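My numbering puts the first residue of the sequence shown at 459, with every later residue one more than the last. Every residue gets a Cβ at the ideal spot worked out from N, C-alpha and C, and that includes glycine. The structure presented is a predicted model; accordingly, all values stated were derived computationally and were not measured. Reviewing the structure listed below.
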Amino acid sequence: MDSSLDDGNVRLLMQARWLCDDPYFRQVVWRHGAHLGDAADALRLDASIHAGDQMLLHSLKHHRDANASFSQYFNVALQQHDAAQQVLRALFPGASHRVSVLDFACGYGRLLRFLSLGLPRVNLHAAEVQPEALDFVCERFGVKGHASPGTPAQFQPGRTFQFIWVASLFSHLPAALFDQWLARLVDCLAPDGVLCFSVHDQCLVPEGHVFPDSGFLFWPQSENDGLDTASYGTTYVNEAHVAGAIARACGPGHPYFRIPRGLAHEQDLYVVAADPRRDLSALADFRRGPWGWADERGLSDDGELHLRGWAASIDDGALDAVEITVDGVLHRCPTGLPRPDVGRVFADARLDASGWEFRHVPPRGEGPVRVVVTARTPANERALIFTGQFERPAALRRLPVRWWQRLLGKRRIN
459 MDSSLDDGNV RLLMQARWLC DDPYFRQVVW RHGAHLGDAA DALRLDASIH
509 AGDQMLLHSL KHHRDANASF SQYFNVALQQ HDAAQQVLRA LFPGASHRVS
559 VLDFACGYGR LLRFLSLGLP RVNLHAAEVQ PEALDFVCER FGVKGHASPG
609 TPAQFQPGRT FQFIWVASLF SHLPAALFDQ WLARLVDCLA PDGVLCFSVH
659 DQCLVPEGHV FPDSGFLFWP QSENDGLDTA SYGTTYVNEA HVAGAIARAC
709 GPGHPYFRIP RGLAHEQDLY VVAADPRRDL SALADFRRGP WGWADERGLS
759 DDGELHLRGW AASIDDGALD AVEITVDGVL HRCPTGLPRP DVGRVFADAR
809 LDASGWEFRH VPPRGEGPVR VVVTARTPAN ERALIFTGQF ERPAALRRLP
859 VRWWQRLLGK RRIN
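Here is the structure:
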């Protein structure tokens, strides 16, 4: 466990890991995934998260909310899995189960936990610079591990791969390592192989910061406190810089395919084939799916559940409603409330009215109040906007039978 966590974050981490162990929430995660199979298969899902997983720890420190952090962790994981599967199936139609896959810079396996459920594990490989993370994914998800050194030239997996997936690495590299790792991973492709990697586009540069003419901006800071910030910080690029890096790695004019905001509605995905004649046009049908967030979430002492957030799709624009399940009862909550901030962030005026708000008093019951908020597109794509449980306040606790009998003036039963 991260020794830098304070007592409050340790409690939050324990709460998030309890959610991971609960069969109810494993079912919730499974129902929101694509390419996973029938609901009856949800028991196959290993939802355990390592105590050192920086993606969860960063979320806990930021939100101070185990429910929100659990939701964010798995919503991003499910969208990443869907994105990887879409690229695989588009470029290896009918043959994705036979493709050798390398998840490079895999971390603690946010993607591999799902890939390992649908693809033969013998075809799955993981590479990671953090030994503890690599040990975890190999043990839990049954994949082949390759230690990744900090120096690209020293990465020698001893084989090539047909599909290399790199999420959230190039979005953290300084310029020299950006080029070096791109060239090294291209060299690890089989003749029919493709590389898919994500970047922060220049449109994500925070307000008040100037993006340089070079097309590359690097800050020596990141959410991963365990890595050297000189070689792992936060990086923003424009397409011209990425195209130049691809040309330097693969040769002048080498084709590529860009999917804006293809990863978690934030990072751009770039796809490069080893063979410059490879047709990548099938990726034009890529879908990002729905997205959203619950900005406010809570259950008051007097028993009112209050949720407020936004939901939309940058593929389709506004969604009509979100689906909110409270203790197993489904409610449809319309969108349409003003959220100009969402439209501004995505530079899409269709999202200006993507807000929603839900107030509800659950009936009396026992145990915690369990909540699920789902964004769903007309194509039945789903995003897990929020899920979690709230301690049921006294106002909502079921009263003993004998108490109700006294209230109704009935004869007391011994």
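With 16 other Cβ atoms within 10 Å as the buried cut-off, status of residue 723: As a position in the sequence shown, residue 723 is number 265, starting the count at 1. Around the beta carbon of residue 723, 16 or more other beta carbons sit within 10 angstroms, so the residue counts as buried.
Those residues which DSSP pairs with residue 843 across a bridge: On the sequence shown, position 385 is the one that residue 843 refers to. According to DSSP, residue 843 bridges with nothing at all.
Contacting residues, own chain, Cβ-Cβ under 7 Å from residue 757 (five flanking each side not counted): Here the question's residue 757 lines up with position 299 in the sequence shown. Here the set comprises 763, 827, 848, 851.
Residue range of the unbroken beta strand (DSSP E) whose run includes residue 620: Start at 1 with the first residue of the sequence shown, and residue 620 comes out as number 162. Taken as a continuous stretch (DSSP letters only), the beta strand (DSSP E) holding residue 620 covers 619–624.
CA-to-CA distance, residue 765 to residue 752, given in whole angstroms: Counting from 1 along the sequence shown, the entry for residue 752 is found at position 294. Counting from 1 along the sequence shown, the entry for residue 765 is found at position 307. A straight-line Cα-Cα distance of about 7 Å links residue 752 and residue 765.
Where the alpha helix (DSSP H) through residue 562 begins and ends: In the sequence shown, counting from the first residue as 1, residue 562 sits at position 104. Careful: residue 562 lies outside any alpha helix (DSSP H), inside the beta strand (DSSP E) at 559–562.
Buried/exposed call for residue 754, threshold 16 Cβ in 10 Å: The residue labelled residue 754 in the question sits at position 296 within the sequence shown. Of the residues assessed, residue 754 falls on the exposed side of the cut-off, its CB having fewer than 16 other CB atoms within 10 angstroms.
7 Å Cβ shell around residue 834 - same chain, five flanking residues per side excluded: Locating residue 834 in the sequence shown gives position 376, counting from the first residue. Only 748, 781, 840 meet the Cβ criterion.
Exposed unless 16 or more other CB atoms sit within 10 angstroms - verdict on residue 788: Position 330 of the sequence shown, counted from the first residue, corresponds to residue 788. Looking at its Cβ environment, which holds fewer than 16 other Cβ atoms inside 10 Å, residue 788 is exposed.
Presumed contact (8 Å Cβ cut-off) between residue 676 and residue 657, rounded CB distance: The residue labelled residue 676 in the question sits at position 218 within the sequence shown. The residue labelled residue 657 in the question sits at position 199 within the sequence shown. Rounded, the Cβ-Cβ distance is 12 Å, inconsistent with contact.
Rounded straight-line distance, which links the Cα of residue 580 to that of residue 800: The residue labelled residue 800 in the question sits at position 342 within the sequence shown. The residue labelled residue 580 in the question sits at position 122 within the sequence shown. Cα to Cα, the separation comes out at about 42 Å.
Contacts around residue 502, its chain only, beta-carbon distance under 7 Å, and the 5 residues preceding and following it disregarded: Working through the sequence shown from its first residue, we reach residue 502 at position 44. The beta carbon of residue 502 sits closer than 7 Å to the beta carbons of 575 from its chain, once the five residues preceding and following it are set aside; these are given in chain order.
Presumed contact (8 Å Cβ cut-off) between residue 669 and residue 694, rounded CB distance: Taking the sequence shown and counting its residues from 1, the one referred to as residue 669 is at position 211. Taking the sequence shown and counting its residues from 1, the one referred to as residue 694 is at position 236. With 8 Å as the limit, residue 669 and residue 694 qualify as a contact, their Cβ atoms being about 7 Å apart.
Segments assigned beta strand (DSSP E), at least 3 residues, entirely inside the stretch 686–718: Taking only runs of at least 3 residues, the beta strand (DSSP E) segments lying wholly in the stretch 686–718 are 692–695.
Reduced DSSP category for residue 663 - H, G, I as helix; E, B as strand; rest coil: Against the sequence shown, residue 663 aligns to sequence position 205. Residue 663 carries a coil assignment under DSSP once its states are collapsed to helix, strand and coil.
Residue 649 versus 733, 745, 476, 739, residue with shortest Cα-Cα distance: Here residue 649 corresponds to residue number 191 of the sequence shown, with the count starting at 1. When C-alpha distances from residue 649 are compared across 733, 745, 476, 739, the shortest belongs to 733.
Secondary structure of residue 469, DSSP reduced to three states: Counted from its first residue, the sequence shown places residue 469 at position 11. Residue state for residue 469 is assigned as helix, using DSSP reduced to three classes.
Residue 771, DSSP secondary structure in three states: Taking the sequence shown and counting its residues from 1, the one referred to as residue 771 is at position 313. Note: residue 771 maps to strand in three-state DSSP.
The stretch 463–482 / the stretch 537–552 touching (three or more Cβ pairs under 8 Å): As far as the Cβ criterion goes, the stretch 463–482 does not touch the stretch 537–552, which means the pair count is below three.
Beta-carbon contacts of residue 731 that lie in its chain and below 6 Å, excluding the five residues immediately before and after: Taking the first residue of the sequence shown as position 1, residue 731 is located at position 273. These residues qualify, in order along the chain: 652.
Residue(s) in a DSSP beta bridge with residue 827: Here residue 827 refers to the residue found at position 369 when the sequence shown is read from its first residue. Bridge partners of residue 827 according to DSSP: 848.
Opposing strand residues paired with residue 428 [DSSP bridges]: This structure cannot settle anything about residue 428, because the visible part of the chain is limited to 459 through 872.
Option nearest residue 525 by Cα separation, candidates 559, 590, 492, 486: Along the sequence shown, one-based indexing puts residue 525 at 67. Comparing Cα positions, the closest option is 486.
Beta-carbon proximity check, residue 813 vs residue 842, cutoff 8 Å: Here the question's residue 813 lines up with position 355 in the sequence shown. Here the question's residue 842 lines up with position 384 in the sequence shown. Judged by their CB atoms, residue 813 and residue 842 are not nearer to each other than the 8 Å cut-off.
Straight-line Cα distance separating residue 856 from residue 660: Here residue 660 is taken as the residue at index 202 of the sequence shown, counted from 1. Here residue 856 is taken as the residue at index 398 of the sequence shown, counted from 1. Rounded to the nearest angstrom, the two C-alpha atoms are 54 Å apart.
beta-carbon residue 739 near the ligand HEM non-hydrogen atom, thresh 7 Å: Ligands are entirely absent from the displayed structure, and the ligand HEM is therefore not among its contents.
8 Å Cβ cutoff met for residue 585 and residue 562: Numbered from its first residue, the sequence shown carries residue 585 at position 127. Numbered from its first residue, the sequence shown carries residue 562 at position 104. Against a cut-off of 8 Å, the Cβ pair of residue 562 and residue 585 comes out as a contact.
Cutoff 8 Å; reference residue 570; Cβ partners in own chain excluding five residues on either side: Taking the first residue of the sequence shown as 1, we reach residue 570 at position 112. Hits under 8 Å: 561, 564, 582, 584, 595, 599, 601.
C-alpha distance - residue 721 paired with residue 818, whole-angstrom precision: Looking up residue 721 in the sequence shown gives position 263. Looking up residue 818 in the sequence shown gives position 360. Taking the straight line joining both Cα atoms gives about 33 Å.
Pair within 8 Å by beta-carbon distance, residue 611 and residue 568: By one-based count along the sequence shown, residue 611 stands at place 153. By one-based count along the sequence shown, residue 568 stands at place 110. Not closer than 8 Å, so no.
Per DSSP, the bridge partner or partners of residue 782: Position 324 of the sequence shown, counting from 1, holds the residue named residue 782. Looking at the DSSP output, residue 782 bridges to 789, 831.
Cα-Cα separation, residue 806 to residue 481: For the purposes of this step, residue 806 is identified with residue 348 of the sequence shown, where counting begins at 1. For the purposes of this step, residue 481 is identified with residue 23 of the sequence shown, where counting begins at 1. Computed Cα separation, rounded: 38 Å.
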